[in-house]
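To start, the structure under review is shown below, and the notes come after it.
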Amino acid sequence: MTRSIRVLSLYEGFFAGGARILHSDVVEGLARDGAQEHRVLSLTASARRDASLQLARDDTRYRRLRAAGVQIDAFDRTAGDRPIAPEDYTAAELDHAAALFDDADVVLSLKEQPLSLVVALDRAGLLPDIPIAACLHRSDPTHSGPALRWLTDAAASGAVTATISCATSTSEAYARAGVAAREARVIDNGIDTRRFRPGTRAERRRIRSALGIPESAPVVLLAARFDAMKDPGLFLRAVARHARRTPATHYLMCGSGMTADNPAFRALRADCGVGDEVALHALGLREDMPELYRIADVVALTSAFGEASPLCLVEGAASGAVPVTTDVGDAARMVRDFGLVTARDVDAIAEAWGDALALRPALRGAALAARGRLDRRRMIDEYRGAIAGLLLRDAIAA
120 MTRSIRVLSL YEGFFAGGAR ILHSDVVEGL ARDGAQEHRV LSLTASARRD
170 ASLQLARDDT RYRRLRAAGV QIDAFDRTAG DRPIAPEDYT AAELDHAAAL
220 FDDADVVLSL KEQPLSLVVA LDRAGLLPDI PIAACLHRSD PTHSGPALRW
270 LTDAAASGAV TATISCATST SEAYARAGVA AREARVIDNG IDTRRFRPGT
320 RAERRRIRSA LGIPESAPVV LLAARFDAMK DPGLFLRAVA RHARRTPATH
370 YLMCGSGMTA DNPAFRALRA DCGVGDEVAL HALGLREDMP ELYRIADVVA
420 LTSAFGEASP LCLVEGAASG AVPVTTDVGD AARMVRDFGL VTARDVDAIA
470 EAWGDALALR PALRGAALAA RGRLDRRRMI DEYRGAIAGL LLRDAIAA
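All residue numbers for the sequence shown refer to the working numbering, where the first residue is 120 and numbers rise by one.
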């Protein structure tokens, strides 16, 4: 093929989340180098999640893709608690989507939820014979609701020809759930190490001062949305326990719904025994995460399920924080040599935070030494090869 490969990515919507950050990094990187032409179809123009309404045009990923020259189409819908079902699409939406599919060489679906559109097009006889890959980012597909059935059915029919998973645990979990595409590939996550880097002393002083945090105070950071998957209650109970031992510690909670404006968050904080005397900063959705990681001593993850290759752990590590995580997805493999893995137990988590603070000099050095393998350029190169390979194998099969 002498012209550029034309790639269409399907998004359920533009809202906060690690999978959208990752996939948008890939699309932006591949679009900027000119070897491939990338376009995005978002099934929604806004999203109601975690007690907030998020508009696609306000999303950082949306703005960065547009700045990179990526054209974005969006249906006039709002994402909610359940994904759009195949029967929900209008005739006009199917016609518009069919035209975009016809103009693409390869289609990538960001997670399995957008595959309802593939199923709908297939039922309507509008699906072209091109490679379609589902990019998967969970380690527990049973929490995907009806989207798991759309994926298994589309893979069985040959409509979805490949899966690209961000973790070995993800690929294995979807195989156990009955997903049998012709090809299954794993590409580890990567991050922009130019953005996620250690702070200078002056930067750290400025950032801490803006938040009212003393220069010498330990900082534990949770970057997650207010969702049962992330188990913010477990984090808050560990905060209550850890604060009794080290009352000078400051705790940052960043993510959609992690704010006192959310009544459910306020109630959970009270139920978990985190009083006003605890230096807890509920910052909500933030666009300055690189800065917040630079002042963190510990980046925590207390997730209960669903994680595959959590970006927050490597973003924090590349910035000089020590990751402390529950054993979910590939988290333990990711932080090997520079982080700690803990049981899902309040006392164990609080103790692990204490160990991380005590061992921070050595673990910080190991984390910074690993920055090269965490960089997104390796990930983007692997996606470039995977996309070209999908097209080549499809041509050979034909």
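The beta carbon of each residue, even a glycine, is placed where N, CA and C say it ideally should be.
Source: prediction; values computed, not measured.
Close-in-space but distant-in-sequence residues of the same chain around residue i (CB under 7 angstroms, 5 per side omitted)
i	result
A278	V237, D241, L246 and I251
A505	I283, R304 and I306
F384	F345, G376, M377, T378 and A401
D446	V460
D474	L459
A336	A367, T368 and H369
L270	E231, L234, A253, V279 and V298
Separation of residue j from residue i, as counted between CA atoms
i	j	result
L267	P260	7 angstroms
A273	L234	8 angstroms
R405	A138	16 angstroms
R301	A216	24 angstroms
S123	A415	42 angstroms
D178	L341	21 angstroms
R325	T365	24 angstroms
S161	V418	31 angstroms
L353	L476	19 angstroms
P73	R320	Residue 73 lies beyond the range of the chain shown here (120 to 517); nothing can be said about it.
C373	L511	42 angstroms
L229	Y130	5 angstroms
L213	A239	8 angstroms
I249	A281	11 angstroms
R176	F220	23 angstroms
S328	L255	39 angstroms
S428	D449	5 angstroms
L330	W472	21 angstroms
I468	R356	10 angstroms
Own chain, CB closer than 6 angstroms to residue i, minus 5 neighbours either side, in chain order
i	result
R490	T312 and A437
R463	T445
V226	L127 and I251
H262	G425
Q173	F134 and A166
S171	S375
A187	E147, A150 and R151
A164	A175, A193 and D195
Boundaries (first-last residue) of the alpha helix (DSSP H) holding residue i
i	result
T179	T179 to A186
E426	Looking at the DSSP string, E426 is not in any alpha helix (DSSP H), and its letter there is neither H nor E.
L411	M408 to R413
D390	P382 to D390
A211	A210 to D221
S288	T287 to R295
A450	A450 to V454
H361	P351 to R364
A299	From DSSP, A299 is part of no alpha helix (DSSP H); its letter is neither H nor E.
Proximity below 8 angstroms, CB of residue i to CB of residue j
i	j	result
A243	A198	no
A359	T368	no
T287	R257	no
L371	L420	no
V433	L493	yes
L482	V441	yes
A223	R125	yes
R413	G318	yes
V189	R168	no
G264	R495	no
D350	S276	no
For residue i, the first and last residue of its enclosing beta strand (DSSP E)
i	result
S228	V225 to L229
G403	A398 to G403
A488	From DSSP, A488 is part of no beta strand (DSSP E) but of the alpha helix (DSSP H) over R479 to A488.
I140	Taken as a continuous stretch (DSSP letters only), I140 belongs to no beta strand (DSSP E), being part of the alpha helix (DSSP H) at G137 to D152.
Y370	H369 to C373
D200	No beta strand (DSSP E) holds D200; DSSP gives it neither H nor E.
D192	Q190 to A193
I283	A281 to S284
E322	Segment R320 to L330 is the alpha helix (DSSP H) holding E322; no beta strand (DSSP E) there.
A342	V338 to A342
Sequence-distant residues of the same chain with beta carbon closer than 8 angstroms to residue i, five excluded per side
i	result
R180	F133, R139, I140 and S143
Tell me, please, whether the region 190-199 touches the region 143-153 by the rule of three or more beta-carbon pairs shorter than 8 angstroms. no
Report yes or no: do three or more beta-carbon pairs, one from the region 208-224 and one from the region 130-148, lie closer than 8 angstroms? no
Could you tell me whether the region 381-397 touches the region 446-456, where touching means 3 or more Cβ pairs closer than 8 angstroms? no
For the region 292-303 against the region 496-503, are there 3 or more C-beta pairs whose distance is under 8 angstroms? As far as the Cβ criterion goes, the region 292-303 does not touch the region 496-503, which means the pair count is below three.
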